[in-house]
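Count along the sequence shown starting at 1, add 30, and that's the number in the working numbering. Structure record follows, encoded as structure tokens.
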Amino acid sequence: MCDRDRTRRPARIPGLARIPGLARIPGLARIPGLARIPGLTRVRALVRRIDAATPSDRDRAVDGLRAVAILGVVLGHWLVTALVADTGTLRAASPLRYQPELTPASWVFQTLALFFLVGGQMGAKSYGCAQARGIGYRQWLRARMVRLFRPVAAVLTVWAVAAGVMLGSGVSLLTLHTLLKLVLSPLWFLLVYAALTAATPLVARLHPLWPLAVVLHVDLVRFGFGGPDWLGWVNLAAGWLVPYCLGAVWGQGRLRGRMAGWVLLIGGTVVTAGLVLVGGYPAAMVGVPGAPVSNLNPPTLAAVTFGLAQCGAALLLRGPLRRALARPVLWAAVALVNLSAMTVFLWHQTAMMAVSETVLGMAGPLPGLHTVPDGPGWVLARLLWLPVFAGALLVCRAAFHTYETGRPRRSGGRGGGLADGRVVRRGGRGAGEGWPPRGARQAEERSV
31 MCDRDRTRRP ARIPGLARIP GLARIPGLAR IPGLARIPGL TRVRALVRRI
81 DAATPSDRDR AVDGLRAVAI LGVVLGHWLV TALVADTGTL RAASPLRYQP
131 ELTPASWVFQ TLALFFLVGG QMGAKSYGCA QARGIGYRQW LRARMVRLFR
181 PVAAVLTVWA VAAGVMLGSG VSLLTLHTLL KLVLSPLWFL LVYAALTAAT
231 PLVARLHPLW PLAVVLHVDL VRFGFGGPDW LGWVNLAAGW LVPYCLGAVW
281 GQGRLRGRMA GWVLLIGGTV VTAGLVLVGG YPAAMVGVPG APVSNLNPPT
331 LAAVTFGLAQ CGAALLLRGP LRRALARPVL WAAVALVNLS AMTVFLWHQT
381 AMMAVSETVL GMAGPLPGLH TVPDGPGWVL ARLLWLPVFA GALLVCRAAF
431 HTYETGRPRR SGGRGGGLAD GRVVRRGGRG AGEGWPPRGA RQAEERSV
């Protein structure tokens, strides 16, 4: 149909009219020559392939929530972490220490509870599907651990070499410690996530109130009765077990209504506000250098109840997200973020540091990049640096994404479907986590 019409009128661009706001611009999709913009045809083709390859029973809201969690962590780190150039060294600083009025930003960008919520949902569903297909626990767990830690090996190798080069070139130990801490500190998340994943068969039977009770009693002993600080590290597992258990309940199909979402959202918000206003917990939901108590290292009861409020909001947003992600353009963007989830998570700090070090060597200290984050000017300057960080992250993604996906297996078939952010090759072995497409391709051989 498009070929016949092309001789009589300008070519339409499929899907362009579905982009929010553009549909109200008369004739935009028929602008002559717009379809011939270099690369636009390939982008349109990619969008169509991703949409067509997605199984009809895939819950796109889950992928949307994970993309939100990933982008929240990345933007949060880029906004609340400053590398200050000071007498030949780089030290880390936080704008939250100098500008407490920015504390609400930590409520927006601290999205770890969403990670564990989605992780629990996917883990429970994946393990259930593995059992249904006769796949044993060891094989299921091994496949998930390989996908989780293969890209970690690349980060550790690169930074081991980089650390040796920096030491040999005379970089100060303080600078090296600052850089390595920023790179390695997010790995705690993966260790906790891996432990909870391994415990999925047990977690699937555990009610979220049990780990919540552990967090409550740990904080009561620690803050109410002067218990030892090390006791708080019990919450590193128990605290994140709460949203993971909640996700497992979701994955088992036991959170279908909206009532649970409202209870979690309202209850979590009220309890968190009470803990901050009356209980003396910090208002910032991330660690602030110099603060006597951190809500995140280790997690406190306030961080956990705040996470429950986030989980409630996520459950309430499932319907709107599904409707929004029915649009091929938006879904393609979310799918591509999920394809690179681990790469983005592991390399976003490296991208920021690479820009900081490169610019410092070429132009010296610049606002928003190497200066103390003590005023609104720093915030404005940092916002202008975010696209540069994003560009550096795209370079890292191009260089290291293969460690996340693994080498594609050869097969006689052609492109297939998406399963948990991975492209499933028709005729080959998939990498899905519990969402095998149904229908005409039921004979595909898939792994978990």
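The C-beta atom is built at its ideal place from N, Cα and C for all residues, glycine as well. Quick caveat: nothing in here was measured; it's all calculated off a predicted structure.
> Which residue's Cα is closest to the Cα of residue 242: 267, 231, 121?
Replying inline: If we check each option's Cα against that of residue 242, 267 comes out closest.
Exercise for the section: Could you check the C-alpha separation between residue 86 and residue 352 for me, to the nearest Å? Expected result: Each residue's Cα considered, the two are about 12 angstroms apart.
task: Note the first and the last residue of the continuous beta strand (DSSP E) segment covering residue 119.
output: From DSSP, the beta strand (DSSP E) with residue 119 extends over 119-123.
**Asked** Going straight from the alpha carbon of residue 364 to that of residue 302, what length do you get?
**Response** Between the alpha carbons of residue 364 and residue 302 lies a distance of about 30 angstroms.
Candidates 122, 217, 174, 317: closest to residue 386 by CA position = Closest by alpha carbon: 122.
With distances taken from CA atoms, which of 172, 344, 258, 76 is nearest residue 142?
Put simply, of 172, 344, 258, 76 the residue whose alpha carbon is nearest the alpha carbon of residue 142 is 344.
Problem - Where residue 112 sits in the DSSP three-state scheme - result: The three-state secondary structure of residue 112, taken from DSSP, is strand.
In chain order, what residues of the same chain lie with their CB nearer than 7 angstroms to the CB of residue 115, ignoring the 5 residues before and after it?
So the list reads 390, 395, 400, once near-sequence residues are dropped.
Q) Leaving out the 5 sequence neighbours to the left and right, which residues in its chain are closer than 8 angstroms to residue 183 when beta-carbon positions are compared? A) The residues 433, in chain order, have a CB closer than 8 angstroms to that of residue 183 in the same chain once the five nearest residues on each side in sequence are set aside.
Nearest-angstrom Cβ-Cβ length linking residue 18 and residue 423, presumed shorter than 8 angstroms
Nothing about residue 18 can be read from this structure; the chain reaches only from 31 to 478.
Helix, strand or coil for residue 450? Go by DSSP, reduced to three states. Legend: pLDDT at residue 450 = 41, less than 50; position of this residue unreliable, value from coordinates given subsequently. The answer is coil: DSSP assigns residue 450 none of H, G, I, E or B.
Worksheet item: So, is residue 240 buried or exposed, given that buried needs 16 or more other C-beta atoms within 10 angstroms?
Response: It is exposed - the Cβ of residue 240 has fewer than 16 other Cβ atoms within 10 Å.
Classify residue 238 as helix, strand or coil using the three-state DSSP reduction.
Coil.
Buried/exposed call for residue 223, threshold 16 Cβ in 10 Å: Its Cβ being crowded by 16 or more others within 10 Å, residue 223 is buried.
Report task. Within the same chain, show all residues whose beta-carbon is closer than 6 angstroms to that of residue 273, passing over the 5 residues directly before and after it, in chain order. Result -> In the same chain as residue 273, and ignoring 5 residues on each side of it, the C-beta atoms closer than 6 angstroms to its own belong to 143, 146, 147, 337, 341, in chain order.
| said: So, with DSSP's three-state summary, where would you put residue 85? | reply: Assigned with DSSP and collapsed to three states, residue 85 falls in coil, not helix or strand.
_Using the three-state DSSP reduction, which class does residue 355 fall into: helix, strand or coil?_
Coil, per DSSP.
Answer with buried or exposed for residue 314, where buried requires no fewer than 16 other C-beta atoms within 10 angstroms of its C-beta.
-> A buried status is given to residue 314, since no fewer than 16 other beta-carbon atoms sit within 10 Å of its beta-carbon.
If contacts are defined as beta-carbon pairs under 8 angstroms, then residue 436 and residue 414 qualify, I think. What distance do you get, rounded to the angstrom? Rounded to the nearest angstrom, the Cβ distance from residue 436 to residue 414 is 37 angstroms, too far for a contact under 8 angstroms.
Burial state of residue 382, where buried means 16 or more other Cβ atoms lie within 10 Å: It counts as buried.
Relative to the C-alpha of residue 119, which candidate in 404, 281, 188, 201 has its C-alpha closest? If we check each option's Cα against that of residue 119, 201 comes out closest.
Point to revise | Whole-angstrom C-beta distance between residue 362 and residue 14, which should lie under 8 angstroms | key: Since the first residue of the chain shown is 31 and the last is 478, residue 14 is not available in this structure.
Q. Around the C-beta of residue 199, are 16 or more other C-beta atoms found within 10 angstroms, so that it is buried, or is it exposed?
A. Around the CB of residue 199, fewer than 16 other CB atoms lie within 10 Å, so the residue is classed as exposed.
Item to complete: Kindly indicate which three-state DSSP category residue 54 falls into: helix, strand or coil?
Response: Because the pLDDT of residue 54 is 44, which lies under 50, any placement of that residue in the model is unreliable, and the question is left without a value.
message: Taking the alpha carbon of residue 173 as the reference point, which residue from 111, 279, 156, 125 has its own alpha carbon closest?
response: Measuring C-alpha to C-alpha distances from residue 173 to each of 111, 279, 156, 125 identifies 156 as the nearest.
inquiry  = So the candidates are 100, 97, 232, 104; which of them puts its Cα closest to the Cα of residue 417?
reply    = Ranking 100, 97, 232, 104 by Cα distance to residue 417 puts 104 first.
Problem set entry | Backbone CA spacing between residue 158 and residue 204 [nearest angstrom] | Going from the Cα of residue 158 to the Cα of residue 204 covers about 48 angstroms.
Could you round the C-beta distance between residue 332 and residue 269 to whole angstroms and report it? I think they count as a contact, below 8 angstroms. With 8 angstroms as the limit, residue 332 and residue 269 do not qualify as a contact, their Cβ atoms being about 10 angstroms apart.
- Message: Do residue 154 and residue 234 have their beta-carbon atoms positioned less than 7 angstroms apart in this structure?
- Response: A Cβ-Cβ contact shorter than 7 angstroms links residue 234 with residue 154.
With DSSP run on the structure shown, which of helix, strand or coil describes residue 216? Residue 216: coil per DSSP, three-state reduction.
Based on the DSSP output, what are the partners of residue 329 in its beta bridges?
Partner(s): 326.
Cα-Cα separation, residue 89 to residue 162
Residue 89 and residue 162 have their C-alpha atoms some 19 angstroms from each other.
Practice problem: State the Cα-Cα distance for the pair residue 149 and residue 277, rounded to the nearest angstrom. | Solution: Distance between the alpha carbons of residue 149 and residue 277: 7 angstroms.
C-alpha distance - residue 275 paired with residue 264, whole-angstrom precision | Straight-line Cα distance between these residues: approximately 17 angstroms.
Alpha helix (DSSP H) containing residue 172: first to last residue?
Residue 172 -> alpha helix (DSSP H) spans 167-198.
Self-check item: Candidates 75, 371, 405, 295: closest to residue 430 by CA position
Solution: Checking every option, the nearest Cα to that of residue 430 belongs to 371.
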